[in-house]
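Whatever position you read off the sequence shown (first residue = 1), add 84 for our numbering.
The C-beta atom is built at its ideal place from N, Cα and C for all residues, glycine as well.
A quick note: this is a predicted structure, and the numbers were derived from the prediction, not measured.
I have placed the structure first, in the form of structure tokens, so that the comments after it can refer back to it.
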Amino acid sequence: MKNKNVTFLTQAAMIAAIYVVLTYIFAPFSFGEVQVRLSEALTILPLFTPAAVPGLFIGCLIGNILGGAILPDIVFGSIATLIGAVLTYMLRNQKPILGPLPPIAANTVIVPYVLRFGYGVNLPIPFMMLTVGIGEVISCGVLGLVLYTALNRYRSTLFRTAV
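This is the structure in structure tokens:
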């Protein structure tokens, strides 16, 4: 039991740290109306381990804080990532191609409202849904599935059961 808790916490912390580093390093295109947050590729990880759910949430929270986001973005952007991670985890026994859909949908719906009402971006909500959605398809869909393919062959050694 103790080893499983340590494994869970270690995996969650590592995922959070990687998310923060990727968000911070690529900050110039991780924020804004048109964004491709490369760290969002990690949202595929709940297909491998439940520890990815808190790891992604905490990583997004810290990444948004360090990136200089305003409070509504910190809260609702992180919640969007949490929703996507939980729903991706729930799809873990389905086809892997479905894994990116929850974070794409959650961010496409939530982030434009943060941009409009938090940052005062005066663009139509549907247009921002399109631009954010395209960025999410690139990061979660394309890069996430590339990451899935690369990690899947090492699943048994990288992601020992955490819970």
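Closest in C-alpha terms to ALA153, from the list GLY228, PRO112, ILE99 and THR241, comes PRO112. In this structure GLN95 is buried. Its beta-carbon is surrounded by 16 or more other beta-carbon atoms within 10 angstroms.
The three-state secondary structure of ASN206, taken from DSSP, is coil.
With respect to the 8 Å criterion, THR91 and THR127 are not classified as neighbours on the basis of their beta carbons. In summary, MET212 is buried, with 16 or more beta-carbon neighbours lying within 10 Å of its beta-carbon over all protein chains present. For ASN89, the enclosing alpha helix (DSSP H) starts and ends at 86 to 109. For VAL104, the closest alpha carbon among the candidates VAL170, GLN178, ILE158 and LEU182 is that of ILE158. If you check the CB distance, PHE141 and LEU122 do not come in under 8 Å. Distances from the alpha-carbon of VAL230 to those of ALA125, PRO187 and LYS86 put ALA125 closest.
With contacts defined by Cβ atoms closer than 8 Å, ILE99 and ALA136 form a contacting pair.
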